[in-house]
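Colleague: For what it's worth, our numbering labels the leading residue of the sequence shown as 1, then goes sequentially.
Sending over a structure as structure tokens; questions will come in a sec.
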Amino acid sequence: MMAMLMALQAFGIDAILPALDEMATALAVDGNDRQFVIGVYLLTAGVGALVPGALADRYGRRPILLSSIAVYIVLSLASALVSTYDQLIVVRALQGFFGAGIVALPPAIIRDRVGGDKMAKMMSLIFVIFLMVPAIAPSIGELILLIADWRAIFAAMALQGILVGCWVYFRLPESLTDENRQKIEPKVIAGNMGRALSMPSVIGYVIGSSLVFGALFGFINSAQQLITDTFDAGDIFPLVFGICAGSMALASWSNSRIVERFGARRVSHTALFAFIGVAAVQVYFAFQPDENLWQFVPLMAINMMLLGFIGSNFGAIALNPFPNIAGAASSMHGFVRLTTASLIGGSIGYSYDGTARPLAMALLASGLVCLALVVFSEKGKLFGRPDAQLGPTKMRNV
1 MMAMLMALQA FGIDAILPAL DEMATALAVD GNDRQFVIGV YLLTAGVGAL VPGALADRYG
61 RRPILLSSIA VYIVLSLASA LVSTYDQLIV VRALQGFFGA GIVALPPAII RDRVGGDKMA
121 KMMSLIFVIF LMVPAIAPSI GELILLIADW RAIFAAMALQ GILVGCWVYF RLPESLTDEN
181 RQKIEPKVIA GNMGRALSMP SVIGYVIGSS LVFGALFGFI NSAQQLITDT FDAGDIFPLV
241 FGICAGSMAL ASWSNSRIVE RFGARRVSHT ALFAFIGVAA VQVYFAFQPD ENLWQFVPLM
301 AINMMLLGFI GSNFGAIALN PFPNIAGAAS SMHGFVRLTT ASLIGGSIGY SYDGTARPLA
361 MALLASGLVC LALVVFSEKG KLFGRPDAQL GPTKMRNV
């Protein structure tokens, strides 16, 4: 259930990738501007992530989550009815902001139940399912385009939202305990969110993951143009994108099998070093005059696989110290990650120059800066031992 909630956002991004050319033609959009329909959604989802966590720490996870799903459904339908590109951008911005709870709250719901490396394992299992959606969403979008136009993809988003919303309504129990309910006061909310970023052991993981996922968003923003224009392989775009996204799902499944044995830190730190090495090779090939699709795709797939080992583990490490304010902490971390990553990703996508060079350089730079931030958080000592298996912790209200 948690995976499918988060997959609503993934489907809302990746299913429309094959339709960008058709949509750009229908709404008279030029060049790289077509990417804004993706970038604005990611950016406002990051900003909107600040809201649901604090409300969910007071009123519970269920009502806030169901409200986010309802907004997602209504604005998906509204996206299908727009007549201009400006209208579409506005609707997508509102959808990202007011539907942010579908991504911000699942980690808090998981943290209500488990912590430590056990949380990292559970998040990895969630990411296996969640990441299968980007692998197949472009193919679903392509199939929809065979029988209808690009507007039908937004209708499919609404249908998915209805199905997942019914599942949540009938099957999800409330996970917030009475003793962990927080006051809805600006001072309390600001204090809780400030705590979520105040620990040096946490901040490096939050900002570091923002950077590497910003490079990933750069790939998502420019994938359609890279594969179609740079490598002249538009006819197999869903397959290529599916290979890359599917590699992340495979990594998440593998992570769930090993993380409790080796620890989230050992696994993610090793993956980060490998990510930097592969990114360096990507830069080398990107600056060759004859780079081809089958040089680009395996390297991109490997680095996306490595992100599968980094993402869930970094998230679990960062959220683990905050069992009694998991909603506020998850919102604040989501805000930093999504806004930073979307801005970086949008910049990378808009820098597309007909080659893979901007993306390759961004992958390498983000990996190196991320490593520096993790070293800071860990006080220079990497590859730490596995965390204790913490369960739900009862702490006094703030």
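Even for Gly, the Cβ is constructed at its ideal location relative to N, Cα and C.
Quick one: Cα of residue 271 to Cα of residue 310, how far?
Modeller: C-alpha of residue 271 to C-alpha of residue 310: approximately 6 angstroms in a straight line.
Colleague: Alpha carbon to alpha carbon, how far is residue 396 from residue 196?
Modeller: Low confidence applies to residue 396: its pLDDT is 36, below 50, so where it sits in the model is not reliable enough to give any reading.
Colleague: Please work out which residues of its chain come closer than 7 angstroms, Cβ to Cβ, to residue 19, disregarding the five sequence neighbours upstream and downstream, and give them in chain order.
Modeller: 141, 145, 150 and 153
Colleague: Alpha carbon to alpha carbon, how far is residue 59 from residue 178? Give it in angstroms, no decimals.
Modeller: 10 angstroms
Colleague: Going by other Cβ atoms of all chains shown within 10 Å of its Cβ, with 16 needed for buried, is residue 84 buried or exposed?
Modeller: exposed
Colleague: Note down the Cα distance separating residue 346 from residue 266, rounded to an integer number of angstroms.
Modeller: Rounded to the nearest angstrom, the two C-alpha atoms are 31 angstroms apart.
Colleague: Does any residue of chain E bring its CB to less than 7 angstroms from the CB of residue 313?
Modeller: Looking at the structure shown, chain E is missing, and only one protein chain is on hand.
Colleague: Return yes when the Cβ of residue 41 is within less than 7 angstroms of the Cβ of residue 222, no when it is not.
Modeller: No, the Cβ-Cβ distance between residue 222 and residue 41 is not below 7 angstroms.
Colleague: Please classify residue 89: is it buried, with 16 or more other beta-carbons within 10 angstroms of its beta-carbon, or exposed?
Modeller: buried
Colleague: From residue 71 to residue 263, what does the alpha carbon distance come to, in whole angstroms?
Modeller: 38 angstroms
Colleague: Can you give me the Cβ contacts of residue 139 inside the same chain, cut-off strictly under 7 angstroms, excluding the 5 residues immediately before and after it?
Modeller: 238 and 242
Colleague: Going by C-alpha to C-alpha distance, which of 136, 107, 278 and 12 sits closest to residue 125?
Modeller: 107
Colleague: Buried or exposed: which applies to residue 57, given that a residue is buried once 16 or more other Cβ atoms fall within 10 Å of its Cβ?
Modeller: Counting of Cβ neighbours within 10 angstroms places residue 57 among the buried residues, the total reaching 16 or more.
Colleague: Report yes if the C-beta distance between residue 268 and residue 43 is below 7 angstroms; otherwise report no.
Modeller: No, Cβ-Cβ distance for residue 268 and residue 43 is not below 7 angstroms.
Colleague: Check whether the stretch 298-310 and the stretch 171-187 are in contact - that is, three or more C-beta pairs closer than 8 angstroms.
Modeller: no
Colleague: Cutting at 6 angstroms between CB atoms, please list the residues of its own chain near residue 376, excluding the five before and the five after it.
Modeller: 204
Colleague: Whole alpha helix (DSSP H) runs in the stretch 31-77 with 4 or more residues, listed along the chain?
Modeller: 36-48 and 50-59
Colleague: Express the C-alpha separation of residue 300 and residue 294 in angstroms, rounding to a whole number.
Modeller: For residue 294 and residue 300, the distance between alpha carbons rounds to 10 angstroms.
Colleague: If you count every other CB in all the chains shown that lies within 10 Å of the CB of residue 49, and 16 or more means buried, which is it?
Modeller: Residue 49 comes out buried.
Colleague: In three-state DSSP terms, what is residue 396?
Modeller: Note that residue 396 scores a pLDDT of 36, beneath 50, so its modelled location is shaky and nothing firm can be said.
Colleague: Which value, in whole angstroms, describes the spacing of the CA atoms of residue 291 and residue 297?
Modeller: Approximately 11 angstroms between the Cα atoms of the pair.
Colleague: If distances are taken between C-alpha atoms only, which option among 1, 231 and 356 comes closest to residue 163?
Modeller: 1
Colleague: Where does residue 109 sit, in a helix, a strand or coil, going by DSSP?
Modeller: helix
Colleague: What do you reckon, are the CB atoms on residue 105 and residue 52 nearer than 7 angstroms?
Modeller: yes
Colleague: Within 10 angstroms of the Cβ of residue 257, are there 16 or more other Cβ atoms? Answer buried if so, exposed if not.
Modeller: exposed
Colleague: Our contact map puts residue 308 next to residue 255 with C-beta atoms below 8 angstroms; I'd like the distance itself, whole angstroms only.
Modeller: Yes, they are in contact, since the Cβ atoms of residue 308 and residue 255 sit about 7 angstroms apart, within 8 angstroms.
Colleague: Taking the alpha helix (DSSP H) that residue 187 falls in, what are its first and last residues?
Modeller: 186-198
Colleague: Quick one: is residue 288 buried, meaning 16 or more other Cβ sit within 10 Å of its Cβ, or exposed?
Modeller: exposed
Colleague: Which same chain residues end up closer than 7 angstroms to residue 357 when comparing Cβ atoms and leaving out the 5 residues on each side of it in sequence?
Modeller: 286 and 287
Colleague: Using 7 angstroms as the threshold, is the C-beta distance between residue 366 and residue 215 below it?
Modeller: yes
Colleague: Nearest-angstrom Cα distance between residue 180 and residue 115?
Modeller: 16 angstroms
Colleague: Are there 16 or more other CB atoms within 10 angstroms of the CB of residue 200, so buried, or fewer, so exposed?
Modeller: exposed
Colleague: Starting from the C-beta of residue 17, find all residues in its chain whose C-beta is less than 6 angstroms away, skip the five residues before and the five after it, and write them out in chain order.
Modeller: 138 and 224
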